[in-house]
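Engineer:
This is the structure we're talking about:
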């Protein structure tokens with residue numbers, strides 16, 4: 001009885017060893033960088049974490065294929081290093097000693113990547129499945145690019161400034177013209193009254209009027 | 001003939017609100033983008049602190065004398081460049097036209113550089129900064145190829161900003177976003193120069209002082225960054241051996257010359273709005289010293305940031321190697337740190353040499369990263385933007401940095417535009433009754449339309465050409481003829497008396513010697529050396545070509561013959577006016593002297609300073 005049990009266990013162990021080894025078919029390498037992600041809050045990678053990992057992979061397989069046949073015991077981990085990195089395969093209990101095709105595992109992991117990451121408080125970069133590329137999140141694009149909005153604000157300010165300066169220039173010009181015409185009128189009046197230093201009222205400019213200033217001197221000159 | 005003119009109290013010429021505005025305008029004109037992105041680079045490649053020796057010698061014997069000459073000339077003759085040189089002697093009128101033409105050519109391309117600065121500024125309001133991440137490719141499995149192979153910063157500059165073509169002969173199409181920014185820039189220039197110095201005088205308070213504030217902020221921030229000290233030590237460690245290389249002296253002389261914005265006519269225009277009894281000697285010395293001090297002051301934050309960037313790149317290099325090693329050997333995390341990296345590497349190399357070789361680790365050398373020196377647009381738009389991403393609060397730093405660059409460039413644009421505007425105003429291109437706003441509007445509109453050609457795909461190649469050929473050799477020629485013209489044609493004795501009348505002191509021996517002999521000689525030597533150096537290598541440029549095998553290195557290409565012809569034209573066009581105008585007047589003179597009824601007029605018109 002005991003011998004039979006030992007035999008089955010060793011067969012299973014060997015089978016497991018056959019299924020899960022580095023670069024085995026349908027096996028994936030996982031690399032985890034806990035200290036990089038969490039720094040001082042880093043947890044240690046131990047058997048419990050491995051259990052959680054197996055559970056998450058089983059969960060992913062269940063969600064993907066929606067048949068609840070994948071058990072935690074179907075997920076095999078091997079070659080755990082200090083890095084922390086290890087290989088894993090998912091076995092198929094329905095067919096003896098075979099592994100689920102890699103493409104299915106890949107699709108399942110991809111579908112549930114976010115949940116797996118969050119379970120370990122890690123991200124795509126710190127919990128790496130080496131053969132599974134992650135789809136990059138699309139960049140957030142606002143409907144109007146931000147720069148156009150800023151540009152609009154700047155342009156409005158500039159145009160407002162120019163309009164203000166031009167209008168104030170025109171107003172100043174008009175005021176200067178008005179002032180200068182007023183001044184001209186004023187000067188004309190002043191000029192008119194001060195021509196030649198003699199007030200014009202004194203000079204009576206009507207023709208034919210004898211100028212008394214010179215008329216008086218006529219007698220001094222001898223007549224020709 | 002040289003009777004002191006009556007001080008025209010109200011000759012209707014605009015004047016500065018106060019002396020400070022004038023000094024600030026001259027400083028703003030002189031202090032420009034070159035102080036930030038050319039001087040630190042020259043300091044670095046020419047032996048650090050040792051470069052200051054030829055720099056200050058050039059300042060003393062070339063910069064300050066020429067600056068004083070221009071300011072004194074403008075202040076005494078009270079005219080812009082064309083009018084002033086026509087007054088000195090009609091034969092020298094070509095010098096004025098030459099400097100006017102250079103101002104036009106430089107204004108065209110300089111504002112396009114400001115367009116790029118504005119584009120980066122309006123893009124700095126996003127989180128994350130658009131030059132920090134690569135865009136995804138079409139099927140979203142990875143990043144855009146061009147971006148991935150170079151860097152996100154390079155991609156944003158060459159593709160998203162310039163949309164550069166791989167060859168200068170391919171023009172590409174007009175980039176609409178650059179057209180928008182160009183229009184905004186020219187509108188800003190119009191806003192500030194709309195009524196000449198009346199408006200620039202107000203704007204200069206902001207645009208000239210603001211950069212100093214930002215430089216101080218960057219200085220404080222820069223000094224706190226890790227790696228800043230390495231950068232500064234690298235910059236300032238003097239290596240006196242470099243002084244044996246004549247190239248260093250040439251670079252110092254050209255840097256001083258172009259940095260002070262001499263021979264543009266802008267300084268003459270600024271000085272012409274001064275009252276005549278103003279101490280131009282003190283002004284010249286002040287402006288020159290402030291310009292040089294600003295260059296030094298600016299190089300400190302620039303090099304702190306560059307040191308920080310080099311250190312971060314070095315750490316990244318180390319970290320990448322460490323990750324590769326840890327992954328390959330499945331060692332626990334944080335077993336190899338930066339400090340014990342070298343000991344681990346030597347240990348692993350001795351035990352597993354093939355594995356290590358298979359990893360293809362990059363050799364990380366801090367000196368190598370520090371040696372990657374860049375100047376010009378590369379410094380601002382590639383290197384500095386990369387450093388800004390690494391700083392906390394990068395949006396704020398980016399916004400500050402680009403506003404600073406914009407202010408620096410804008411205050412220099414004021415000088416350029418003034419050099420174009422004042423002579424046109426005096427030549428009365430538009431009727432006197434028309435407002436000044438119309439002339440400045442016409443200048444800005446025409447310049448905008450011509451500058452649209454710089455927004456093509458090949459635009460940045462053309463800007464390099466303009467910078468190398470239109471903004472270099474003609475200035476040296478014009479400056480040379482300026483000195484010769486004043487000293488030997490107008491006669492130094494007469495000029496000394498004029499300056500003495502203005503400043504109230506006799507001209508000191510230093511000015512006499514430098515104006516008569518040292519400065520013209522220096523200019524001649526610099527001109528010959530400069531031209532010889534340019535002609536030694538065939539005119540070539542580096543193109544950004546994603547299809548090049550060596551990508552992301554730039555491809556070295558030679559200019560096609562038609563482009564070379566344009567280069568020669570750009571360099572020759574401003575210079576050719578000097579002999580042309582002299583010849584024209586000579587011929588006119590000869591023809592008039594053949595006429596027997598002719599009474600030869602005085603060659604030196606004595607209606608000089610009216």
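Chains as they are written, first to last, in UniProt numbering: chain A, 1 to 224; chain B, 1 to 610. Here a beta-carbon is modelled for each residue, glycine too, at the ideal position from N, C-alpha and C.
(1) Determine the extent of the beta strand (DSSP E) in which residue 20/A is found, giving its start and end residues.
(2) Ignoring anything shorter than 4 residues, give me the alpha helix (DSSP H) runs that lie fully in the region 50 to 134 of chain A, in order along the chain.
(3) Compare the C-beta of residue 133/A against all C-beta atoms of chain B and say whether one is closer than 9 Å.
(4) Output the distance between the C-alpha atoms of residue 65/B and residue 570/B, rounded to the nearest integer angstrom.
(5) Return no unless some Cβ of chain B is closer than 9 Å to the Cβ of residue 120/A.
(6) Can you give me the start and stop residues for the beta strand (DSSP E) that residue 124/B sits inside?
(7) Taking only the alpha-carbon atoms, compute the straight-line gap between residue 442/B and residue 448/B and give it to the nearest angstrom.
(8) Assess, as a yes-or-no matter, whether the region 27 to 35 of chain B is touched by the region 248 to 265 of chain B under the definition of 3 or more beta carbon pairs within less than 8 Å.
(9) Round the Cβ separation of residue 28/A and residue 105/A to the nearest angstrom and send it over; I've been treating them as touching at under 8 Å.
(10) Give me the chain B residues within the contact set of residue 62/A, using Cβ-Cβ distance strictly less than 8 Å, ordered along the chain.
(11) For residue 104/B, count neighbouring C-beta atoms within 10 Å of its own C-beta (all shown protein chains included) and say buried if the count is 16 or more, exposed if not.
(12) Would you grab the beta carbon distance between residue 154/A and residue 122/B for me? Rounded to a whole angstrom, and I think it's under 8 Å.
(13) Does the pairing of the region 39 to 55 of chain B with the region 229 to 249 of chain B give three or more beta-carbon distances under 8 Å?
(14) Which residues in chain A have a C-beta closer than 9 Å to the C-beta of residue 331/B? List them in chain order.
(15) Can you name the start and end residues of the alpha helix (DSSP H) that residue 297/B belongs to?
(16) With a cut-off of 9 Å, does the C-beta of residue 317/B fall near any C-beta of chain A?
(17) Where does residue 558/B fall in DSSP's three states?
(18) Can you grab the Cα-Cα spacing for the pair residue 494/B / residue 507/B, in whole Å?
(19) Would you say residue 155/A faces chain B, with C-beta separation under 9 Å as the test?
(20) Which residues does DSSP list as the beta-bridge partners of residue 540/B?
(21) Identify which residue in 280/B, 99/B and 339/B has its Cα closest to the Cα of residue 613/B.
(22) Using 8 Å as the threshold, is the region 11 to 21 of chain B in touch with the region 197 to 207 of chain B, meaning 3 or more CB pairs across them?
(23) Nearest chain A C-beta to residue 115/B closer than 9 Å, yes or no?
(24) Please name the residue or residues paired with residue 590/B in a DSSP beta bridge.
(25) Kindly indicate which three-state DSSP category residue 608/B falls into: helix, strand or coil?
(26) What is the residue span of the alpha helix (DSSP H) that residue 493/B lies within?
(27) Measure the beta-carbon distance from residue 575/B to residue 267/B and round it to whole angstroms, keeping in mind my assumption that it falls under 8 Å.
(28) From the DSSP output, in three-state form, read off residue 256/B for me.
(29) Would you say residue 126/B reaches chain A, if we count a Cβ-Cβ gap shorter than 9 Å as a contact?
(30) Along the region 157 to 175 of chain A, where does the CB come closer than 9 Å to a CB of chain B? Name the residues.
(31) For residue 399/B, which three-state DSSP category applies?
(32) What is the DSSP secondary structure of residue 173/B, reduced to helix, strand or coil?
(33) Should residue 10/A be flagged as near chain B, meaning a C-beta pair shorter than 9 Å?
(34) Going by the beta-carbon positions, is the gap between residue 526/B and residue 511/B smaller than 9 Å?
(35) Helix, strand or coil, according to DSSP, for residue 225/B in the structure here?
(36) Beta strand (DSSP E) containing residue 29/A: first to last residue?
Structural biologist: Let me spell this out:
(1) It is not in any beta strand (DSSP E) - residue 20/A carries neither H nor E in the DSSP assignment.
(2) Given a length threshold of 4 residues, each whole run of the alpha helix (DSSP H) inside the region 50 to 134 of chain A is given here in chain order: 102 to 111 and 113 to 119.
(3) Yes, residue 133/A counts as interfacial toward chain B.
(4) The C-alpha of residue 65/B lies about 27 Å from the C-alpha of residue 570/B.
(5) Chain B, which has no Cβ nearer than 9 Å to the Cβ of residue 120/A, makes this no.
(6) Boundaries for residue 124/B: no beta strand (DSSP E) harbours it, and the DSSP string shows neither H nor E there.
(7) C-alpha of residue 442/B to C-alpha of residue 448/B: approximately 10 Å in a straight line.
(8) With the cut-off at 8 Å, the region 248 to 265 of chain B and the region 27 to 35 of chain B touch.
(9) At roughly 7 Å, the Cβ-Cβ gap stays under 8 Å, so residue 28/A and residue 105/A are in contact.
(10) Neighbours of residue 62/A in chain B, taken as residues at a C-beta separation under 8 Å, are lacking, since the least C-beta distance is about 27 Å.
(11) With 16 or more Cβ atoms within 10 Å of its Cβ, residue 104/B is classed as buried.
(12) Correct: roughly 7 Å between the Cβ atoms.
(13) Yes, the region 39 to 55 of chain B is in contact with the region 229 to 249 of chain B.
(14) Near residue 331/B (Cβ distances below 9 Å), the residues of chain A are 81, 82 and 83.
(15) First-last of the alpha helix (DSSP H) with residue 297/B: 280 to 329.
(16) Residue contact check for residue 317/B against chain A: no CB pair falls below 9 Å.
(17) Looking at residue 558/B - three-state DSSP - the assignment turns out to be strand.
(18) Approximately 11 Å between the Cα atoms of the pair.
(19) Chain B, which has a Cβ nearer than 9 Å to the Cβ of residue 155/A, makes this yes.
(20) Assignment of beta-bridge partners to residue 540/B by DSSP yields 558/B.
(21) No information on residue 613/B is available, as it lies outside the stretch 1 to 610 that chain B covers here.
(22) Contact between the region 11 to 21 of chain B and the region 197 to 207 of chain B is present, because at least three Cβ pairs lie under 8 Å.
(23) The beta-carbon of residue 115/B is placed no less than 9 Å from the nearest beta-carbon of chain A.
(24) Bridge partners of residue 590/B: none, in fact.
(25) At residue 608/B the pLDDT is 42, less than 50, meaning the model places this residue with poor confidence; the figure from the coordinates comes in the next sentence. The answer is coil: DSSP assigns residue 608/B none of H, G, I, E or B.
(26) For residue 493/B, the enclosing alpha helix (DSSP H) covers residues 492 to 503.
(27) Contact flag wrong, Cβ pair sits at about 19 Å.
(28) Residue 256/B: helix per DSSP, three-state reduction.
(29) Interface residue, yes.
(30) Only 158, 159, 161, 162, 165, 166, 169, 170 and 173 from the region 157 to 175 of chain A bring a Cβ to less than 9 Å from some Cβ of chain B.
(31) Collapsing the DSSP output to three states places residue 399/B in a helix.
(32) DSSP places residue 173/B in coil when its eight states are reduced to three.
(33) Chain B places no beta carbon closer than 9 Å to that of residue 10/A, leaving this residue out of the contacts.
(34) Cβ atoms of residue 526/B and residue 511/B: not closer than 9 Å.
(35) Three-state result, residue 225/B: coil.
(36) Where residue 29/A is concerned, the enclosing beta strand (DSSP E) stretches over 28 to 32.
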